Amino acid sequence: MKFLLIAASLRKDALNKKLIRNVERILNAVQPDIEHKILDLNDYPMPAFDGDIQEHNGIPASVKALGEEISQAQAIIIATPEYNGGIPGHFKNTADWVSRLKPNPWANKAMLLMCASPGGLAGIRGLWHTRVPFEAMGVHVYPTLFGLPNAGDAFDANNVLHDTKIQDRLTTLLTDFSQLTKKYNAYIK
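Here's what the structure looks like:
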C-alpha cells in the first residue's frame, strides 16, 4: 500500500511541511509496511485553471505528473494551511487541474486532512472547506480531522513535535487511518 504525503504549503519552512515530516516519521515507526512519499507542490507548478488553456494547449505536463503520482497511491495525507478560513487558492487550483485528468486520479482515494496553524482554532474552518471539493471529486475523506493549534510553538529545534500527548494523538490517528484504508482498498478491488 502506498500513501502520498502532501503539505499544501509553498514556503520552505512552512508549519504544515513540518507536520507532514512528523507524519512521515510516525509512519516509519508504527506502519513500516506502508510505502509513502512526500510530494512538494513546488515541484508541480501550474497556471491558474482555465478551460481555454486546457482546450488550446491540453493539460500541463506538471498536472499529468502529479496525477500519475496520485493514481499510484491508495491514500493521501494532506497537511494544509488555512487561508482566511478556507482552502489555499494554489491548492484548490492544483486539485481542480488534477480533476481534469481522465480517469480522475482523486476518485476513490482515502484521504486524511490535517492542519498546523499558528492560531488557536487549529485551522478547523479551512479543513472543513478543504473537505468539500475532495468529497465532490469522489475522495473518501476520513471523518476525523487533525488540527494542531499554536503550531509555531509545537516543534522543537529538530522540527519534531515536542508534546508527547499530541504525538500520541497523531500516532493513534495515523494507525486508525491506515487500518481503515487497508480495509477500504480491499473492499473497492
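Just so we're aligned, residue 16 is where the sequence shown starts under our numbering, counting upward by one.
Cβ coordinates follow ideal geometry from the N, Cα and C atoms, glycine included.
Source: prediction; values computed, not measured.
Got a sec? Which residues, its chain only, sit under 7 Å from residue i by beta carbon, not counting five neighbours each side?
i: Asn-119; result: Met-152, Gly-153
i: Leu-142; result: Leu-128, Cys-130, Leu-160, Gly-162
Per DSSP, residue i is paired with what?
i: Tyr-199; result: Bridge partners of Tyr-199: none, in fact.
i: Phe-18; result: His-51, Ala-90
i: His-210; result: Since the first residue of the chain shown is 16 and the last is 204, residue 210 is not available in this structure.
i: Gly-138; result: According to DSSP, which records beta bridges pairwise, Gly-138 is partnered with nothing at all.
i: Phe-149; result: None; Phe-149 has no bridge partner.
i: Leu-163; result: Ala-131
i: Leu-176; result: Phe-170
i: Gly-101; result: Tyr-98
Please classify residue i as buried or exposed, where buried requires at least 16 other C-beta atoms within 10 Å of its C-beta.
i: Ile-35; result: buried
i: Leu-136; result: exposed
i: Tyr-202; result: exposed
i: Lys-33; result: buried
i: Thr-145; result: buried
i: Val-38; result: buried
Looking only at its own chain, which residues have a Cβ that is under 6 Å from the Cβ of residue i, when we skip the five neighbours before and after it?
i: Trp-112; result: Met-61, Phe-64, Val-78
i: Ala-90; result: Phe-18, Ala-125, Thr-196
i: Met-218; result: Lying outside 16 to 204, the shown extent of the chain, residue 218 is not represented and no answer is given.
i: Phe-161; result: Met-129, Leu-188
Assuming residue i contacts residue j under a Cβ cut-off of 8 Å, what Cβ separation, rounded to an integer in Å, is found between them?
i: Lys-107; j: Pro-75; result: Actually they do not touch by this definition, with Cβ atoms about 16 Å apart.
i: Leu-116; j: Gly-82; result: 4 Å
Validate contact between the region 20–39 and the region 113–132 using beta carbons, cut 8 Å, 3 pairs | yes
Do the region 94–110 and the region 48–55 touch if we need at least three Cβ pairs shorter than 8 Å?
-> Too few Cβ pairs lie closer than 8 Å, so no.
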